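Heads up, the thing below is written out as structure tokens.
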Amino acid sequence: MKAPTQVLDIGKEWIQYMLTDYERKENSGTTVTVESFATGKGSEVGDGFVGSIIKLYVNAKLSTQSNSSNHENKEYNLVVKLKGDDPNMGFLFEKAQVYMKEVIMYSKVLVEFDNFQKNRANNQYPICSPKFIYGKCNDEEFVLVMENIKHKGFGAHKKEETFNIEHLKLAVTQLVRLHAVSYSYNQSCSFLERHSEFEKTEYGTYFLNFANPALFDLQYEIMKKEKDEDLAKKIKSNKKNLVQQCQEMHSENNYKLLCLVHGDVHAMNMMFSYTDDDKNCNNPNDISLLDWQLCHWNTPAVDLQYLIYSTTSREFRKEHLEDILKFYHSSFVEATVKLRVEGLKWTYEDFKGDFNRMALYGLIRGVHLSFGHHCPELIKEYEDEKQKAINQSNFKKSLQAPLVKLSRKYILSSAMDSILNFAIKKSFKPYIKEITNRENENLASRVLGLIYEAEENGIFG
């Protein structure tokens, strides 16, 4: 049955088909009859999700072939994920196979990893993610249906707030599980031979081609307005070399250890649960990872740099960074021992070397996410543009079709990189004043902290 493309397409017939498919995995004779259903908004402006997230509540009756007169009442609390509405980004996402990868992660890879760690380590390393219900992805269609874990007490961390040590350790523990299980699994059967979709490709790092130059230009302008002429000059004079370093660190594969990485581990792609008496949400007791679209085979330093530098403050890193890295490494080594990996040669110095090699990635992602998480006007502007595109008449869309097609032809060209580079600078530039005048203290402390820490670590040359 054809997958829905918008919330209005989600009807009784498709829901019955989808849930019957799900229930028959457990009992082949099951039929689901929908009694009632309701849809709701699953994401808000500023959440940063490219696709549409829709809540779906279903009341249904289940019957079996062996006993069709006896019905079981069942309620479903689900999330439906559909494609985004930007035609150019949608084209890029299709080239990068992000939709296909997410369906494969939920329906196959996470299941394989779970079975593997249960057999090898007695279920000590489960990778926590919402339960997969249904998925479909081909050239024309994409839909992903998951359990809505909010009704189990999970919620998003406030993106305006940095992680404390408890949140970060829980997130790192979950990354250890993903990295260690995928690495160990690969030792027994080649992961990429089974799932070649997760090879690192040029599409997966396309963002860097146009974003890096723009973000370095923004850092230069911020330092100019901060009257730090020496640092501004250093960033400007080394920009070409810095951009090249960013490209090289992603094109290389000669890191000490490779595994499956999540690729997008910022605060909005994980949910935490807390005990009832933890009113301030300071001590999470569980975590679930979301949004597996950017998974690929790479150094685990990709995830750690992204996570740490997009969710913590400079002051926090000064106090805790070394301890967190040691915690990650020791936990990884312990996990691979319990997963029966033999002959692991990956010292803390090896790991730290790869982590430092990816330092520019942490800086870039940290700066980029700081603007995304602390400039609500910027996100609203993006969401408004998206909504305008959705509301356009079919006639207007048909007039724009040749331009969209042309832009797709050149989407990986240097000309398109320059256009997108300019677009990022134009979008972010108005908010430089919020940093230099301290009008937005959260944004200022995050961005300036990242830049000055990078300078202390010798990243700018």
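Residue 1 is where the sequence shown starts when you use full-length UniProt numbering, and the numbers rise one by one after that.
We treat Cβ as the ideally placed atom computed from N, Cα and C, and that holds for glycine.
None of these values were measured; they are calculated from a predicted model.
Leu-378 to Thr-201, Cα distance in whole Å?
Each residue's Cα considered, the two are about 29 Å apart.
Rounded to whole angstroms, what's the CA-CA distance from Asn-298 to Ser-310? Just pull it up for me.
In a straight line, the C-alpha of Asn-298 is about 19 Å away from that of Ser-310.
Can you look up Thr-436 in the DSSP assignment and give me helix, strand or coil?
Helix at Thr-436.
Taking Cβ to Cβ, would you say His-296 is nearer than 8 Å to Gly-343?
Cβ atoms of His-296 and Gly-343: not closer than 8 Å.
I'd like the list of long-range same chain contacts for Ile-165, defined as Cβ closer than 7 Å, with 5 residues on each side in sequence excluded.
Result list for Ile-165: His-320, in chain order.
Helix, strand or coil for Asp-286? Go by DSSP, reduced to three states.
Strand at Asp-286.
Kindly list the residues whose CB is nearer than 6 Å to the CB of Ser-331, restricted to its own chain and excluding five residues on each side of it in sequence; keep chain order.
Excluding positions up to five away in sequence, the list reads Val-176.
Pick out whichever of Asp-114, Leu-363 and Lys-55 has its Cα sitting closest to the Cα of Leu-307.
With distances taken between Cα atoms, Leu-307 lies closest to Leu-363.
Could you pull the start and end residues of the beta strand (DSSP E) that Glu-35 belongs to?
Where Glu-35 is concerned, the enclosing beta strand (DSSP E) stretches over 30-41.
Whose CA, out of Tyr-452, Asn-186 and Ala-301, lies closest to the CA of Lys-318?
Taking only the C-alpha atoms, the option nearest Lys-318 is Tyr-452.
How many Å lie between Thr-173 and Leu-62 at the Cα?
Roughly 38 Å separates the two Cα atoms.
Along the chain, where does the alpha helix (DSSP H) that runs through Leu-443 open and close?
Where Leu-443 is concerned, the enclosing alpha helix (DSSP H) stretches over 441-456.
When you compare only the Cα positions, how much space is there between Cys-281 and Ile-324?
Rounded to the nearest angstrom, the two C-alpha atoms are 21 Å apart.
Going by other Cβ atoms of all chains shown within 10 Å of its Cβ, with 16 needed for buried, is Val-111 buried or exposed?
By the 10 Å Cβ count, Val-111 comes out exposed.
Leaving out five residues before and five after Lys-131 in sequence, what residues of the same chain have Cβ atoms less than 6 Å from its Cβ?
Contacts found: Glu-147.
Would you grab the beta carbon distance between Phe-37 and Lys-12 for me? Rounded to a whole angstrom, and I think it's under 8 Å.
At roughly 7 Å, the Cβ-Cβ gap stays under 8 Å, so Phe-37 and Lys-12 are in contact.
For the segment 154-170 against the segment 213-228, do three or more pairs of beta-carbon atoms, one drawn from each stretch, fall closer than 8 Å, so that the two count as touching?
At 8 Å Cβ cutoff, the stretches do not touch.
Specify the secondary structure class of Phe-154 as computed by DSSP and reduced to three states.
Three-state DSSP puts Phe-154 in a strand.
Assuming contact is defined by CB atoms lying nearer than 8 Å, are Ser-129 and Ser-273 in contact in what I supplied?
No, the Cβ-Cβ distance between Ser-129 and Ser-273 is not below 8 Å.
Contact between the segment 107-123 and the segment 181-192 is defined here as three or more beta-carbon pairs at a separation below 8 Å; is this criterion met?
The answer is yes - the segment 181-192 touches the segment 107-123, with three or more Cβ pairs under 8 Å.
Answer yes or no: do Phe-154 and Leu-82 have a C-beta to C-beta separation smaller than 8 Å?
Result no, Cβ atoms of Phe-154 and Leu-82 do not sit closer than 8 Å.
Which partner residues does Cys-128 have in the DSSP bridge list?
Paired residue(s): none; Cys-128 is not in a bridge.
Using 8 Å for Cβ pairs, my map puts His-374 next to Asn-440. What's the rounded Cβ distance?
Between Asn-440 and His-374 the Cβ distance is about 6 Å, and since that is below 8 Å, they are a contact.
What do you reckon, are the CB atoms on Val-341 and Asp-303 nearer than 8 Å?
Taking 8 Å as the Cβ cut-off, Val-341 and Asp-303 do not qualify as a contacting pair.
Closer than 8 Å by C-beta to Ser-313: which residues in its own chain qualify, once you throw out the five before and the five after it? Chain order, please.
Closer than 8 Å at Cβ, skipping near neighbours: Thr-162, Ser-445, Arg-446 and Gly-449.
So Gln-245 packs on Leu-360, CB below 8 Å; how close in whole Å?
That pair is a contact at about 6 Å.
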